[in-house]
Structures are given as structure tokens and as C-alpha cells.
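Residues in the sequence shown are numbered consecutively from 3, following full-length UniProt numbering.
C-beta: ideal position from N, C-alpha, C; glycine also.
Given the structure is predicted, the values throughout are model-derived calculations rather than measurements.
Everything below concerns the one structure shown next.
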Amino acid sequence: KRIAVLVSGNGSNLERLIELSVSGFIDGEISLVISSNEKAFALERAKRHSIPSHVVHYGGRSGGDYSDAILQIVEDCRIDLIVLAGFLKILSGNIIERFRNRIINLHPSLIPSFCGKGMYGEKVHRAVIESGVRITGATVHFVDGGTDTGPIILQESVPVFCDDSVESLSGRVAQVEHRLLPKAVSLFCENRLTVMGKRVLITGGFY
Ligand code: GRF
Numbered sequence: 003k004r005i006a007v008l009v010s011g012n013g014s015n016l017e018r019l020i021e022l023s024v025s026g027f028i029d030g031e032i033s034l035v036i037s038s039n040e041k042a043f044a045l046e047r048a049k050r051h052s053i054p055s056h057v058v059h060y061g062g063r064s065g066g067d068y069s070d071a072i073l074q075i076v077e078d079c080r081i082d083l084i085v086l087a088g089f090l091k092i093l094s095g096n097i098i099e100r101f102r103n104r105i106i107n108l109h110p111s112l113i114p115s116f117c118g119k120g121m122y123g124e125k126v127h128r129a130v131i132e133s134g135v136r137i138t139g140a141t142v143h144f145v146d147g148g149t150d151t152g153p154i155i156l157q158e159s160v161p162v163f164c165d166d167s168v169e170s171l172s173g174r175v176a177q178v179e180h181r182l183l184p185k186a187v188s189l190f191c192e193n194r195l196t197v198m199g200k201r202v203l204i205t206g207g208f209y
């Protein structure tokens, strides 16, 4: 399978996906990286691994035009799966139809808690700490054109400690993300994910 990873920042999840596709854990190739931000360190990571990359600026376009620009690039590269790893834009319109149940997003909370418009990155962990909940986690889900609303593939919980800071909590969640996202991508590449309405069935083994 040919995989495109969309990024906006550091790219630690991209790094894990590259490592695990090279090692064969993921039966697929990271064929393309697209960033919404030309300063994203994730672009440096792509370069180091000789993975072609593009910057698609959001600047002033409508959401639909922006998504269509990305759709054009991924279709030209014969991409099978799009992975959003710290990608800070919302995809909409044609790409959602063309890539139905073939766009996977990673979110740093247990959806449907602490998600939706404006809830991304550190803001999620700050809201978690301020809310006083004792459990948070990470979610990997298919993208359906809403914000963090598509069928959930995998989730894993992470404890919140009373002396947690945004840094300590985001670091603990990141460790789970770096295992969860590759696992979901690997299941997709092995054709073991079937979407039934809002639910995802994992076939061919235990889960
Ligand atoms: C992760 O925390 C992820 O949950 C969120 O953005 C961050 C991406 O980190 N969507 P990185 O750019 O992969 O290091």
C-alpha cells in the first residue's frame, strides 16, 4: 500500500510510521509527506528518509479548494491511504468522498471527550488537566468530514496524575500514540478493518 502522511509540526508520529514501514511491521510504504506549514520539522524528517514532500499552504483558500489541492497531489502519487499525524487543517468535500474510510486521523484524547473545533495539540491536554478527569488517552479514527467524528479504529487510555503539567501529560500520551497509530495503519494495510456504520470491525485475529 502507498501511504501519504499529512503533517503540520514536529512529525514524531511520521518518524514512527517511517521506521515501522521500513522494518516491515507496516505492510506499506510512506510514499509522500504533505505539510500545511513550510517550517514543520516533519519535512526535515521526510528529507532525511528521501520521501517526496509537498507544502500546501492554507493561505486564504476555502476549505474545499485546499482539500482539492491535496486530493490532486495524492491521486497523482497513486496513494491508497492518507494518515493525518498532527495535521492541523480540516479536510472536506471531494477528498472525503474519494478517500472514504481511507483517511486515518490521530487525536490525543478519548473521543468524544476533548475534541472538536479548536481542540488540538496542547489545548487538549490543558483542557484535560483543568477538567479534573483521571483518565485520558489517544484515539485513531477514520475521517468523515466532521472534526474528530469518524468511526473509531483504536483507543488506549492514559492516566492523568494530579501533578501533571501539559508537558508531562502530552509526553505520556505521545508514547501511546506512537504505538497506536502504527497499529491502526498496519491493520489497514492488511485489509483487517471493516466499517459498519459508526463502528469498525477488526477481522482476522484478536482485538
Ligand atoms: C500529536 O499529539 C497528535 O495527537 C496531534 O498532534 C501531535 C502530532 O505530533 N494530532 P507530531 O507532529 O506527530 O510529533
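The alpha carbon of Cys79 has as its nearest neighbour, out of Ala42, Ser33, Ile92, the alpha carbon of Ser33.
Under the Cβ criterion (8 Å, minimum of three pairs), the segment 99 to 109 does not count as touching the segment 49 to 62. Around the C-beta of Ile20, 16 or more other C-beta atoms lie within 10 Å, and the residue is accordingly described as buried. Annotation: the segment 175 to 199 contains no complete segment of the alpha helix (DSSP H) (minimum length 4 residues). In this structure, Ile53 keeps its C-beta atom at 9 Å or more from the C-beta atom of Ile84. When beta bridges are read from the DSSP output, Val76 appears opposite no residue. Ranking Cys164, Val142, Thr151 by CA distance to the CA of Arg128 puts Cys164 first. Judged by pairs of C-beta atoms under 8 Å, the segment 145 to 161 touches the segment 172 to 181, as three or more such pairs exist. The continuous alpha helix (DSSP H) containing Ala48 extends over residues 43 to 50. Ile75 places its beta carbon less than 9 Å from that of Ile36.
Residue nearest to Asn96 within the set Asp146, Ser25, Gly26 is Asp146 (criterion: CA-CA distance). In the same chain as Phe27, and ignoring 5 residues on each side of it, the C-beta atoms closer than 8 Å to its own belong to Pro184, Ser188, in chain order. Gly139 sits in a strand when the DSSP states are folded into three classes. Annotation for Asn96: the continuous alpha helix (DSSP H) segment containing it runs 96 to 100. Between Leu86 and Leu108 a beta carbon distance of about 7 Å is seen, short of the 8 Å cut, so the two are scored as contacting.
A check of alpha carbon separations from Cys191 across Glu77, Ser10, Ser23 identifies Ser23 as the nearest.
A distance below 7 Å between beta-carbons, with the five flanking residues on each side excluded, links Ala186 to the following residues of its chain, in chain order: Ile106, Val142, Ile155, Leu156. Val130 is not a Cβ neighbour of Cys117, given a cutoff of 9 Å.
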